[in-house]
Amino acid sequence: MILATIIANCIVLALEQHLPDGDKTPMSERLDDTEPYFIGIFCFEAGIKIIALGFVFHKGSYLRNGWNVMDFVVVLTGILATAGTDFDLRTLRAVRVLRPLKLVSGIPSLQVVLKSIMKAMVPLLQIGLLLFFAILMFAIIGLEFYMGKFHKACFPNSTDAEPVGDFPCGKEAPARLCEGDTECREYWPGPNFGITNFDNILFAILTVFQCITMEGWTDILYNNLVSHLLGNKDKKERLLSFGM
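Once you know that position 130 of the sequence shown is 130 in full-length UniProt numbering, the rest is easy, because the numbers rise by one and skip nothing.
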């Protein structure tokens, strides 16, 4: 019965539709009416376990099991949210996303799978640490080459208007040249509202991470090429010698 209740509660949570300013659809209001029944069943389950196992003070008691601790938190937050206490109800209701995990506490085979995944997370964290050091290395290289070089853009002549285009510029080819009644000058926050740059190590790490995700990395490539060629003939000749 408990497993069926958990599955039904998951379906109810999936069907809820929240609107702006706390408004709800008629269907969501009807689904909210089922919340006390689910909480009542979960409280009954927790109460039976506490009576059978004891609460916390001796070996094998209810709160000395990690799965039971999770169940207890779900039940307690559900009671507080249903009772309408002075706590932030949105925060309490957000804890309801843990309710599907109650299925794991009721099915031993799923517990074995989840424990195996958690044990595998330790080696994965070591791989993540290695990846972070690789990102840090390239971020430091970016600091050496591109610090402060993403802040020139095409501005309308003799005005303080916003720059034309979301890209850096240069005054000599093969850098990107300004067209029409615009001139290349400072100060522009930089691409992506000033987030994509190599001015400090934090933004550099973020920019390198964006390149690793392959999301918009070509824009960063072109911006780097333009900024690296600004007014430097030796670098232009070196780039052209590589066929670029």
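No residue lacks a Cβ here, since even glycine has one placed at the ideal position from N, Cα and C.
Here the structure is a predicted model, which means the values were calculated and not measured.
Reduced DSSP secondary structure (H/G/I, E/B, other) of residue i
i	result
F167	coil
F55	coil
F155	strand
K115	helix
G78	helix
P191	coil
N200	coil
L61	Reading off the sequence, residue 61 comes out as Ser, not Leu. Correct three-state label for S61: coil.
M214	coil
E144	helix
R99	helix
M1	coil
K49	helix
D71	helix
A134	helix
L206	helix
C178	coil
I107	coil
A14	helix
CA-to-CA distance, residue j to residue i, given in whole angstroms
i	j	result
T82	L130	46 Å
M147	T196	11 Å
Y222	M70	50 Å
K235	R96	Residue placement at K235 is poorly supported in this model, since its pLDDT is 49, which falls under 50; the coordinates still yield a value, given next. Going by the C-alpha atoms only, they are around 58 Å apart.
G40	M214	49 Å
T5	G106	12 Å
L3	E144	58 Å
P189	H151	6 Å
V208	I127	17 Å
P163	M121	47 Å
P26	L80	23 Å
E186	F203	20 Å
H58	A46	17 Å
L206	L13	35 Å
Q210	N192	12 Å
E16	D166	40 Å
V56	S109	25 Å
I220	C154	18 Å
L124	I212	18 Å
F139	W217	The sequence shown places Ala at residue 139, rather than the Phe named in the question. Cα to Cα, the separation comes out at about 14 Å.
D199	P168	14 Å
9 Å Cβ cutoff, residue i in contact with chain B
i	result
L31	In the structure shown, chain B does not exist; there is a single protein chain.
Residues bridged to residue i [DSSP beta-bridge criterion]
i	result
E186	In the DSSP output, where bridge partners are listed per residue, E186 has none listed.
State whether the segment 73 to 85 contacts the segment 49 to 61, with contact taken as three or more CB pairs (one from each stretch) at a distance under 8 Å.
no
Counting Cβ pairs closer than 8 Å, one from the segment 24 to 34 and one from the segment 56 to 70, do we hit at least three?
-> no
field: contact_flag[the segment 152 to 159, the segment 133 to 140] where n(CB pairs < 8 Å) is 3 or more
entry: no
Check whether the segment 5 to 14 touches the segment 94 to 102, counting contact only when three or more Cβ pairs, one atom from each stretch, lie closer than 8 Å. yes
Handout entry: Whole runs of the beta strand (DSSP E) within the segment 16 to 47, excluding any shorter than 3 residues
Key = none
- request: Could you tell me whether the segment 180 to 197 touches the segment 104 to 121, using the rule of 3 or more Cβ pairs below 8 Å?
  value: no
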